[in-house]
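J.: What follows is a single structure, and I will ask about it in a moment.
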Amino acid sequence: MEQSAKGVREIASADQPFMCSFCLRPREETGVLVGAPAVGICRKCTEAAVVLFQNSVPEAGPMQRAPWDALDNEELLRQLPKVAKARDDVENHLRIWVGAARSRKISWASIGESLGMSRQSAWERFHQSVVAEDKSA
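Quick note: the sequence shown uses full-length UniProt numbering, first residue 1, plus one each step.
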């Protein structure tokens with residue numbers, strides 16, 4: 001991975017389960033994603049964001065507070081499975097990162113502290129996926 005701009009990286013590792021955090025399309029469909037450890041954005045969404053910023057005029061009224069505010073009930077329900085998949089992908093990605101930390105012999109206490117949980121909570125949440133990963137390697 002190469003640092004191209006402050007805090008922005010190309011997510012190039014094909015073994016990391018990633019999708020665009022904005023349109024929720026998988027990397028196989030979007031191609032290269034740019035992002036951070038838990039967020040990625042595809043070219044199409046990046047280009048749309050640039051156009052939005054270039055053409056934006058400050059709104060006189062209040063801005064929408066959440067994405068679901070603009071959706072009717074049916075549209076909101078259609079988005080729920082996509083949001084659930086994004087949650088699962090982030091959880092799987094977190095497990096990969098914890099596995100990488102454990103492969104470096106970083107303690108469960110340090111992992112738990114970095115995640116804002118106890119050593120015991122970190123171990124209970126992640127140890128089986130780390131053991132499964134060790135067995136498949």
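From the three backbone atoms N, C-alpha and C, an ideal C-beta is built for every residue, glycine too.
This one's a predicted model, so the numbers in the text were calculated from it and none came from an experiment.
Could you tell me which residues DSSP pairs with P26 in its beta bridges?
T.: M19.
J.: For L33, count the other beta carbons within 10 Å of its own beta carbon; 16 or more makes it buried, fewer makes it exposed. Which is it?
T.: By the neighbour-count rule (16 or more Cβ atoms within 10 Å), L33 is buried.
J.: Applying the criterion that 16 or more other CB atoms from any shown protein chain within 10 Å of the CB defines a buried residue, is D89 buried or exposed?
T.: It counts as buried.
J.: Between the region 107-116 and the region 69-89, do at least 3 Cβ pairs fall closer than 8 angstroms?
T.: Result no; under three Cβ-Cβ pairs closer than 8 angstroms.
J.: For G40, count the other beta carbons within 10 Å of its own beta carbon; 16 or more makes it buried, fewer makes it exposed. Which is it?
T.: By the 10 Å Cβ count, G40 comes out buried.
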